[in-house]
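This note's numbering puts the sequence shown at residues 5 to 116.
Note that the Cβ used here is the ideal one computed from N, Cα and C, for glycine as well.
Note that the coordinates shown come from a computational prediction; the quantities given were computed from them, not determined experimentally.
Below is one structure, written out as structure tokens; the observations come after it.
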Amino acid sequence: MRWQTPDAALRDMVLSPPQRARGIDPAAPRTGSPESAKAAEHAYTLVVCALQGLSEQEQEILLAYALGLSYRRIAAHLHRSDWWVRQTHRRAWETFRDRLAAYDLIPSDAPS
């Protein structure tokens with residue numbers, strides 16, 4: 005497993021530079037192994053694939069929530085109700101979680 009939760013996978017994908025994710029030091033690029041670079045690239049590709057089946061709004065809500073925005077702020081940005089954002093997030097998050105677990109990127113018993 006690469007991450008403990010779907011939110012951690014999203015945060016890592018957005019906030020971490022690819023070199024760090026691959027275990028490669030930009031100052032000395034030969035320190036990372038080709039195998040770790042391939043594994044990291046594959047993991048990030050699978051995260052993107054897991055997101056692809058969701059609508060753009062669902063993806064936006066997942067990313068915003070994973071990065072720390074509240075339902076209220078997301079709702080204001082989307083001109084929707086807090087309840088709608090909460091329900092949409094929950095459905096999208098469960099789908100995303102199940103896909104990541106199927107890819108073995110998070111534990112299958114990841115917290116709900």
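Thinking C-alpha only, which one of the options is nearest residue i?
i          : options           : result
residue 76 : 86, 91, 48 and 92 : 86
residue 16 : 40, 44 and 39     : 44
residue 19 : 40, 48 and 39     : 48
residue 70 : 93, 56 and 60     : 93
Does the beta-carbon distance from residue i to residue j come in below 9 Å?
i          : j           : result
residue 82 : residue 62  : no
residue 50 : residue 104 : yes
Measuring straight from C-alpha to C-alpha, what distance separates residue i and residue j?
i           : j           : result
residue 108 : residue 42  : 16 Å
residue 52  : residue 8   : 17 Å
residue 68  : residue 99  : 17 Å
residue 13  : residue 88  : 24 Å
residue 54  : residue 112 : 15 Å
residue 79  : residue 39  : 42 Å
residue 66  : residue 84  : 15 Å
residue 72  : residue 90  : 14 Å
residue 56  : residue 74  : 23 Å
residue 6   : residue 60  : 25 Å
residue 28  : residue 97  : Caution applies to residue 28, whose pLDDT of 46 falls short of 50 and renders its modelled position unreliable; the value that the coordinates give is listed next. So the two alpha carbons sit approximately 30 Å from each other.
residue 46  : residue 110 : 14 Å
What are the start and end residues of the alpha helix (DSSP H) that includes residue i?
i          : result
residue 7  : From DSSP, residue 7 is part of no alpha helix (DSSP H); its letter is neither H nor E.
residue 95 : 86-106
residue 66 : 60-70
residue 82 : 75-82
Pull up the CB-CB distance for residue i and residue j, whole angstroms please, since I reckon it's below 8 Å.
i           : j          : result
residue 101 : residue 10 : 5 Å
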